[in-house]
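Participant: Would you mind keeping the following structure in view while I ask a few things?
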Amino acid sequence: MLYDKSPTQMQPHENALRLKPLDHYTVAARQLQGRIAGGLSRLTANEYLDDVIKHMHTMEEETLPDTLLIDMQWEIEWSMRPYLIDFIVEAHNALTLRPETLFLTVNLVDRYCSRRVVYKQHYQLVGCAALLIAAKYGDDKDRVPRIHELRDMCCGFYDAEMFIQMEMHILNAVSWVLGHPTVVSFLQLMETEEAEGQEVEHMAVFICEITLYHRDFVSTKASIKARVILALARAILGTGRLIDGDWGRAEKETLSALFLHIHNPSSAVTRRYSGSDLSRVAQKLANFLAG
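Residue numbers (this note's numbering): 15 to 305.
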């Protein structure tokens with residue numbers, strides 16, 4: 015299926031089921047960086063950046079899941095979430111997809127669970143279909159998983175047709191609105207402004223992945239998570255202060271939740287961030303917490 019999109023909404027082409035496009039805010043951010051590199055004045059760049067950020071904030075409101083509605087699921091329990099996220103993280107890693115794809119996948123799962131009843135036996139299927147949609151939407155075409163690959167990852171539990179049906183169910187449930195500005199997208203803009211080092215970037219994304227496992231962060235805006243996580247990453251690595259003087263209640267509550275949950279990251283995430291290619295930030299976080 016091809017996904018044809020406006021800045022905020024996508025509609026299906028007939029006989030099509032393929033997504034290309036990076037969404038508006040990502041394209042805009044990249045264009046912004048190119049314009050700055052090309053020598054446009056700082057004032058012009060800042061004016062354009064304001065438009066990008068305004069659009070991102072509009073979309074994060076529109077694409078925010080509702081934990082209270084997920085609480086009402088008949089069969090799905092929050093205790094099941096870590097197993098699904100582990101599966102999605104490992105599938106995402108195996109397929110070498112972009113970081114944004116992982117976070118869009120989980121956002122789609124949570125938005126679907128906010129709007130539709132999900133049976134226990136279909137929970138993993140929802141995750142697979144969401145990963146398929148997210149990869150089609152924002153990843154390289156040659157990395158989009160095939161149905162048979164997803165089926166193999168599920169040990170053949172679901173028929174091929176079920177993946178296609180669930181893909182359509184999710185798209186309809188979210189009204190084809192896929193332009194979710196992920197926490198990674200907000201981090202990238204903040205890091206561009208502050209010229210952060212790669213180590214801080216790796217630590218921040220590591221913490222972002224830890225948050226995917228927990229209910230406390232599902233209905234937290236991506237911009238708030240990004241702001242707090244970036245400050246925490248700097249503090250862990252000794253490059254900045256932890257508390258920002260103009261933080262509000264939402265930021266402080268997010269920080270408290272982070273300190274509650276970063277002590278026991280999933281082994282799937284820890285393994286990924288233990289390598290030198292990602293600055294061994296898993297060990298650095300463990301050392302920081304050991305104090």
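We put the CB at the ideal spot given by N, CA and C, even for glycine.
Model, not experiment: these values are computed from the prediction.
Under a three-way DSSP split, which group does Met86 fall into?
Facilitator: Met86: coil per DSSP, three-state reduction.
Participant: Are Ala143 and Ile102 touching if we call contact CB-CB under 8 Å?
Facilitator: Result no, Cβ atoms of Ala143 and Ile102 do not sit closer than 8 Å.
Participant: Can you have a look at Leu116 and say buried or exposed, based on whether 16 or more other CB atoms are within 10 angstroms of its CB?
Facilitator: Label assigned to Leu116: buried.
Participant: With DSSP collapsed to three states, give me the class of Asn301.
Facilitator: Asn301: helix per DSSP, three-state reduction.
Participant: Find the nearest neighbour of Tyr133 within the set Tyr97, Phe200, Glu91, judged by alpha-carbon distance.
Facilitator: For the residues Tyr97, Phe200, Glu91, the minimum Cα distance to Tyr133 belongs to Glu91.
Participant: For Glu205 and Ile178, what's the separation of their Cα atoms in angstroms?
Facilitator: Distance between the alpha carbons of Glu205 and Ile178 is about 37 Å.
Participant: Could you pull the start and end residues of the alpha helix (DSSP H) that Tyr172 belongs to?
Facilitator: Element bounds for Tyr172: n/a, residue is neither H nor E.
Participant: What does the alpha-carbon distance come out to for the pair Ile67 and Gly193?
Facilitator: C-alpha separation (whole angstroms): 13 Å.
Participant: From Ser189 to Glu76, what distance separates their C-alpha atoms?
Facilitator: Computed Cα separation, rounded: 11 Å.
Participant: Give a yes or no on contact between the segment 234-241 and the segment 281-299, applying the rule of three or more CB pairs nearer than 8 Å.
Facilitator: As far as the Cβ criterion goes, the segment 234-241 does not touch the segment 281-299, which means the pair count is below three.
Participant: Rounded to whole angstroms, what's the CA-CA distance from Ser6 to Leu226? Just pull it up for me.
Facilitator: This structure leaves residue 6 out entirely; the chain is present only between 15 and 305.
Participant: For Glu181, which option in Leu78, Val140, Cys127 has the closest C-alpha, if you only look at C-alpha atoms?
Facilitator: If we check each option's Cα against that of Glu181, Val140 comes out closest.
Participant: Need the endpoints of the alpha helix (DSSP H) that Asp80 sits in, please.
Facilitator: First-last for Asp80: undefined, no H or E at that position.
Participant: Is there contact between the segment 156-166 and the segment 217-225, where contact requires at least three CB pairs shorter than 8 Å?
Facilitator: Counting Cβ pairs under 8 Å, fewer than three are found: no touch.
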